[in-house]
Amino acid sequence: MVRGCVGTPGGMAGIELMSAAFEDHEPISRRYALEGEDMSPPLSWSGVPDDASELVLMCEDPDAPTGTFLHWVVVGIDPHSSGTEAGRLPPGGTPLVNGFGQRRWDGPHPPPGDDAHRYFFRLYALREPCVLPDAPTAEQVHRAVEPRELASGTLVGVYRR
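Now the structure itself:
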């Protein structure tokens, strides 16, 4: 299992976000890209606080030419879960509309010839559920979760076409 970054506000204990498919800051397989099988990668996590009411998962590309692009956002994830298999929604999760206009995972698809883009997978443990628009921007997700955040974890993959 490959470990990601642990991070939370104020030095609290963080969530460890991992994937069996890629290492932190290493390439994501074409299998998980839009031009491949376009399935979400397997993810696992630990360190979710006992008092979390829900988890929110997002994947964003801050290197997109038009600004930060949201590839996946899932709300209402069971805080007692410990991960999700490739191509599956996390337990209890509800996907919102991503930057492609779809209610699902849509994998990396940077413009051909661009330097590798970074894909930030972020998992937030919230003290209370957050309210988001049906098709949020990455900025709207951050603004909604940060005041409710108990802990978070980040795993970064890179992809180039």
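Mapping the sequence shown onto numbering that gives the first Met the number 0, position 147 (from 1) lands on 146, and the numbers just tick up by one. Cβ atoms here follow ideal geometry from the backbone N, Cα and C, with glycine treated the same way.
Nearest-angstrom Cα distance between S81 and P107? As a working note, residue 81 is residue 82 in the sequence shown. As a working note, residue 107 is residue 108 in the sequence shown. Cα to Cα, the separation comes out at about 24 angstroms.
Do you know how far the Cα of F120 is from the Cα of P90? The residue given as residue 90 occupies position 91 in the sequence shown. The residue given as residue 120 occupies position 121 in the sequence shown. Straight-line Cα distance between these residues: approximately 17 angstroms.
Determine whether the beta carbon atoms of V72 and L125 lie at a separation below 8 angstroms. Here residue 72 is taken as the residue at index 73 of the sequence shown, counted from 1. Here residue 125 is taken as the residue at index 126 of the sequence shown, counted from 1. In this structure, L125 does not lie closer than 8 angstroms to V72 by Cβ.
Decide yes or no for the touch test of the stretch 45 to 62 against the stretch 135 to 146: beta carbon pairs closer than 8 angstroms, at least 3 of them. yes
Own chain residues within Cβ distance below 6 angstroms of R103, not counting five before or after: By one-based count along the sequence shown, residue 103 stands at place 104. Closer than 6 angstroms at the Cβ level, and outside the excluded window around R103, lie P94.
What does DSSP give as the partner residues of H116 in its beta bridges? Position 117 of the sequence shown, counted from the start, is the residue given in the question as residue 116. According to DSSP, which records beta bridges pairwise, H116 is partnered with Y158.
What does the alpha-carbon distance come out to for the pair P78 and P109? Here the question's residue 78 lines up with position 79 in the sequence shown. Here the question's residue 109 lines up with position 110 in the sequence shown. Roughly 32 angstroms separates the two Cα atoms.
Would you call T83 buried or exposed, if buried means 16 or more other Cβ atoms sit within 10 Å of its Cβ? Taking the sequence shown and counting its residues from 1, the one referred to as residue 83 is at position 84. Buried, because 16 or more other Cβ atoms sit within 10 Å of the Cβ of T83.
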